Structures are given as C-alpha cells and as structure tokens.
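What follows is a single structure, written as structure tokens, with notes after it.
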Amino acid sequence: MINDEYFLAALRLATGNDPIPRHVSTAARDAYRLRIPQAMTAAHAESAAIRSVRDDDNSHLVRFVAAGLTFDLEVTEGDGLIDVAGHISPYPGEGALVDVRSPHLTLTRRIAHNGQFAATGLPPGWLSVVCHRPGHAPIQTTWVRIRP
25 MINDEYFLAA LRLATGNDPI PRHVSTAARD AYRLRIPQAM TAAHAESAAI RSVRDDDNSH
85 LVRFVAAGLT FDLEVTEGDG LIDVAGHISP YPGEGALVDV RSPHLTLTRR IAHNGQFAAT
145 GLPPGWLSVV CHRPGHAPIQ TTWVRIRP
C-alpha cells in the first residue's frame with residue numbers, strides 16, 4: 025500500500041511543483057550571510073613541511089595560500105570543542121586581526137608580531153579564518169569541516 029504523503033510528493037515531483045523545504049531555504053540564507061564582500065579566498069595547499077606540535081590523533085594540520093600569505097592552522101579536538109593555533113606568514117602588519125569563524129560563532133584575535141594567533145572553545149563542524157589587514161581587502165580561507 026502506498027503512503028498518501030509519498031504519493032503526493034511523487035505527484036509534485038512529476039509536475040515540477042515541489043517546493044523547496046523551509047530548512048533548506050533557511051540554511052541557504054544563513055550561508056549567504058557568512059560571505060565577506062571584497063574578500064580574496066585562500067585555497068587549501070598541500071605541504072609536507074608542516075608538522076604537528078602534538079603527536080596524537082586529535083590534531084589536524086591545514087595550510088591555505090593566497091595573495092602572498094600562508095595560513096598554517098593546527099586544529100585540536102578535545103572535550104567536544106576545537107582549538108585553533110594558527111600562524112600567518114609573512115606577518116601581515118601592525119593592526120592586523122584574524123577572525124576564526126564557525127557558522128554560529130566568530131572569535132576575533134590580534135595577530136602577534138611573529139604571525140601567531142589562537143582561538144579556543146569553538147564548536148566542531150565548519151571552520152574558516154579571515155585575515156583583516158589595514159588598507160587591504162580581507163583574505164579568507166575556504167571552509168573546512170572539523171569532525172570530532
């Protein structure tokens with residue numbers, strides 16, 4: 025026996041009148057709000073040269089490169105949250121800030137003169153880093169998914 029809801033859904037699909045589910049539209053609007061106008065996107069780059077400071081399975085290393093800047097991120101998982109220890113080289117300059125972002129939380133940090141920054145207590149899931157340099161367009165990493 026065919027379920028009535030299944031049958032109606034099949035009819036809507038056949039006629040091309042199946043509405044987009046509300047949660048899909050909401051997720052699309054939320055993702056659009058995360059964009060940064062005028063930002064350049066740093067692409068993921070493979071590198072055998074980067075090594076983890078910690079020698080465990082809870083640490084992930086990721087490198088991104090764009091516009092002469094290299095982002096090295098060490099993401100560590102623990103207690104259901106993630107911590108990010110990052111290094112941007114060369115040093116992006118006095119007054120540079122970095123945003124470590126998840127879809128629901130942004131932590132802004134100053135970048136030390138050696139190019140390092142850290143953010144702790146982020147929820148697992150999607151993560152992006154944005155470097156803001158005075159007088160320059162922001163540079164953002166692509167979004168990466170960190171799973172516990």
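One rule links them: number in the numbering used here = place in the sequence shown (from 1) + 24.
For every residue, glycine included, the Cβ atom is placed at its ideal position computed from N, Cα and C.
Values in this document were obtained by computation on a predicted structure and should not be read as measured data.
Check your understanding: DSSP three-state call for residue 160: helix, strand or coil?
Key -> coil
Check your understanding: Between the region 54-63 and the region 112-121, are three or more C-beta pairs nearer than 8 Å?
Key -> no
Check your understanding: What runs of the beta strand (DSSP E), each 3 residues or longer, lie entirely inside the region 36-69?
Key -> 64-69
Exercise for review: Give the C-beta separation of residue 105 and residue 131 to the nearest angstrom, bearing in mind that I take them to be a contact with Cβ-Cβ under 8 Å.
Suggested key: Between residue 131 and residue 105 the Cβ distance is about 12 Å, and since that is not below 8 Å, they are no contact.
**Study point:** Per-residue DSSP class, three states only, for residue 98
**Key:** strand
Exercise for review: Answer yes or no: does any C-beta atom of chain B fall closer than 8 Å to that of residue 104?
Suggested key: Annotation note: the requested chain B is absent from the structure, which comprises a single protein chain.
Check your understanding: What are the partner residues of residue 142, as DSSP defines its beta bridges?
Key -> 109
Check your understanding: Who does residue 167 pair with in a DSSP beta bridge?
Key -> Looking at the DSSP assignment, residue 167 forms no beta bridge with any residue, so it has no partner.
Review point. Comparing alpha-carbon positions, which option in 28, 125, 152 lies nearest residue 68?
Key: 152
**Study point:** Buried or exposed by the 16-neighbour rule on C-beta atoms within 10 Å, applied to residue 37
**Key:** exposed
Check your understanding: Which residue comes first and which comes last in the beta strand (DSSP E) that contains residue 123?
Key -> 121-126
Point to revise | Beta carbon of residue 161 nearer than 8 Å to that of residue 63 | key: yes
Check your understanding: Quick one: what's residue 92 bridged to in DSSP?
Key -> Bridge partners of residue 92: none, in fact.
Practice item. Please report how far the alpha carbon of residue 149 lies from the alpha carbon of residue 40, in whole angstroms. Key: 34 Å
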